[in-house]
Amino acid sequence: CVNDLLVQGAKPLFFLDYVASARLESEVLGTVLASLADACKAVGIPLLGGETAEMPGVYHAGGLDLVGTIVGLVDKANIIDGSKVQPGDLLLALPSSGLHTNGYSLARKVFEGWDLEEPRAELRGQSLAGVLLEPHRCYLEAVSKLLDAGVEVKAMAHITGGGVYENLPRVLPEGLGAEIQPDTWPMPPIFPLIQHTAKVERNEMFRVFNMGLGYILVLGESEAVKVATLLPESYRVGYIMERSGITVR
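Position 62, counted from 1, in the sequence shown is what our numbering calls 64; the numbers after and before it change by one each time, with no gaps.
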């Protein structure tokens, strides 16, 4: 939620939750709410309120429906809407921590029957469970560092469902596209493992998963140099082209 606010330059103000189930168990509900409170505290906002619902005729036993609403604020003059993006601008990416919250339907099919706890050489000694349960990274601290330093960020994209093919075009002016150069960042090993195991074409992988690109910023050359200094963990992964569409080389 925070990342989706950030793409327009907004900072989070507060969060509200909705939790529903066929039967609400106090222990489970307490764990969920405590976790939400911890997450809100980590980004400096209150868990302002929420609602619960017990609907045995709607939800399956043991299931849980968790919905969140976040509200943020940005001055109208400071909204980042992509209107200043030009051909030749650079794409800088902040790495993801893994699958984040997308692609799990395919991942479940691929790894059905696998030992989830076994350390695997293909995952640099990590287990599947450890990699797949890695929390979705929050980019508030990193992006705030840039905005507070006065870096002119022309556009930002949170790479979620649909990968770069669907998320990056949303923040670009009509008629502009981008080229992504996959050899410019270290791809987490979970993605090649899924691709080779399920024999998924590379373009489809970039359409389903973030492929290690959690958050992409569009900047001019001079601003990109500043970002490299402020955020050394960022990678220059491509550039803006004077034609629509996304190309992965």
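Each residue gets a CB set at the ideal place from its N, CA and C atoms; glycine is no exception.
Based on DSSP bridge pairs, tell me the residues matched to residue i.
i: ARG25; result: According to DSSP, ARG25 bridges with nothing at all.
i: ILE242; result: ALA180
i: VAL4; result: Paired residues: none, contrary to the question.
i: GLY51; result: LEU18
i: ASP67; result: ALA22
i: VAL220; result: LEU93, ALA157
i: GLU56; result: SER23
i: LYS13; result: LEU75
What is the residue span of the beta strand (DSSP E) that residue i lies within?
i: ILE81; result: Where ILE81 is concerned, there is no enclosing beta strand (DSSP E), given that its DSSP letter is neither H nor E.
i: LEU94; result: 92-97
i: ALA109; result: Note, ALA109: premise wrong, no beta strand (DSSP E); alpha helix (DSSP H) at 106-112.
i: VAL76; result: Per DSSP, VAL76 belongs to no beta strand (DSSP E) and is neither H nor E.
i: VAL250; result: 247-250
Using beta-carbon positions only, say whether residue i and residue j come within less than 8 Å of one another.
i: VAL69; j: TYR106; result: no
i: GLU120; j: SER129; result: yes
i: VAL250; j: ASN205; result: yes
i: LEU148; j: LEU232; result: yes
i: TYR217; j: ASN80; result: no
i: LEU101; j: LEU66; result: no
i: ILE72; j: LEU7; result: yes
i: LEU215; j: VAL239; result: yes
i: PRO89; j: TRP187; result: no
i: ALA200; j: LEU174; result: no
i: PRO14; j: GLY51; result: no
i: LEU108; j: VAL210; result: yes
i: ILE248; j: ILE182; result: yes
i: SER224; j: ALA230; result: no
i: LEU125; j: ILE192; result: yes
Got a sec, what are the start and stop residues for the alpha helix (DSSP H) residue i sits in?
i: THR231; result: 223-232
i: GLY45; result: For clarity, residue 45 is Val in the given sequence; the question names Gly instead. Unbroken run through VAL45: none, as it is neither H nor E.
Compare the C-beta of residue i with all C-beta atoms of chain C and state if any pair is closer than 8 Å.
i: GLY90; result: Given the protein chain composition of this structure (a single chain), no chain C is represented.
Taking 7 Å as the line, does the beta carbon of residue i fall inside it for any heavy atom of the ligand GDP?
i: PRO175; result: The ligand GDP is absent from the structure shown, which contains no ligands of any kind.
Note to self: In chain order, what are the residue ranges of uninterrupted alpha helix (DSSP H) at least 4 long that sit wholly in the stretch 115-157?
What the structure shows: Taking only runs of at least 4 residues, the alpha helix (DSSP H) segments lying wholly in the stretch 115-157 are 130-134, 142-150.
Margin query: Could you tell me which whole beta strand (DSSP E) segments of length 3 or greater appear in the stretch 154-214?
Written below: For the stretch 154-214, whole beta strand (DSSP E) runs of length 3 or above, ordered along the chain, are 157-160, 179-182.
Check: Quick one: any contact between the stretch 170-179 and the stretch 134-142, if contact means 3 or more CB pairs under 8 Å?
Finding: Under the 8 Å Cβ criterion, the stretch 170-179 does not count as touching the stretch 134-142, having fewer than three qualifying pairs.
Check: Would you say the stretch 16-31 touches the stretch 53-70, given that touching needs at least three Cβ pairs under 8 Å?
Finding: Yes, since at least three Cβ pairs between the stretch 16-31 and the stretch 53-70 fall closer than 8 Å, the two stretches touch.
Notebook entry, point to check: For the stretch 162-176 against the stretch 31-49, are there 3 or more C-beta pairs whose distance is under 8 Å?
Noted result: No contact exists between the stretch 162-176 and the stretch 31-49.
Next item on the list: Take every Cβ of the stretch 103-118, pair it with every Cβ of the stretch 37-51, and state whether three or more of those distances are shorter than 8 Å.
Entry: Counting C-beta pairs with one atom in each stretch, the stretch 103-118 and the stretch 37-51 have fewer than three that are closer than 8 Å, which means they do not touch.
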